[in-house]
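S.K.: Sending over a structure as structure tokens; questions will come in a sec.
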Amino acid sequence: MGWFFSSGKRIQRKELERILREIPALGVAEREYVKGVFTKYLSGGVSKTEAERAVRELKLQAGDAIDSYEADELKARLLRVFEE
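Counted from 1, the sequence shown has number 92 at position 48 by the working numbering; the numbering is strictly sequential.
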């Protein structure tokens, strides 16, 4: 397949919540903040491209509840779901 091949897999709200709970560095407030950022992508599920976009948004927002380490951990866990 080409560069733009997409598996069509999407992460639904419950799966996103499970992934967030599995990241020990994220507290309750941080999980809620991340869910808020992902809200605009959740209708119909989050695609790989949307997940990458949301994580990039989290990393670029200075002074928010999520630091770079937490954003990288979230990205790694989300990408693993798309590789399954």
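Every residue gets a Cβ at the ideal spot worked out from N, C-alpha and C, and that includes glycine.
#1: Are R54 and S87 touching if we call contact CB-CB under 8 angstroms?
#2: Which residues in the same chain have their Cβ closer than 7 angstroms to the Cβ of A109, if we skip the five residues on either side of it in sequence?
#3: Give me, in chain order, the residues of the same chain whose beta-carbon lies closer than 8 angstroms to that of R121; leave out the 5 immediate sequence neighbours on both sides.
#4: Spell out the partners DSSP gives V78 in its beta bridges.
#5: Rounded to the nearest angstrom, what separates A130 and Q56 at their Cα positions?
#6: When you compare the CB positions of L102 and A115, do they come within less than 8 angstroms of one another, or not?
#7: Roughly how many angstroms lie between the CA atoms of L104 and D111, to the nearest whole one?
#8: Reducing DSSP to helix, strand and coil, say where M45 ends up.
M.R.: Looking at the atomic coordinates:
#1: Between R54 and S87, the C-beta spacing is not below 8 angstroms.
#2: Taken in chain order, the residues that qualify are A73, E74 and Y77.
#3: Excluding sequence neighbours, R121 sits near I63, E66 and I67.
#4: Paired residues: none, contrary to the question.
#5: The structure shown does not extend to residue 130, since the chain spans only 45 to 128, so no value can be given for it.
#6: The Cβ-Cβ distance between L102 and A115 falls below 8 angstroms.
#7: Rounded to the nearest angstrom, the two C-alpha atoms are 10 angstroms apart.
#8: At M45, the pLDDT of 38 sits below 50, so the modelled position is not reliable; the number obtained from the coordinates is stated separately. Under the three-state reduction of DSSP, M45 is assigned to coil, being neither helix nor strand.
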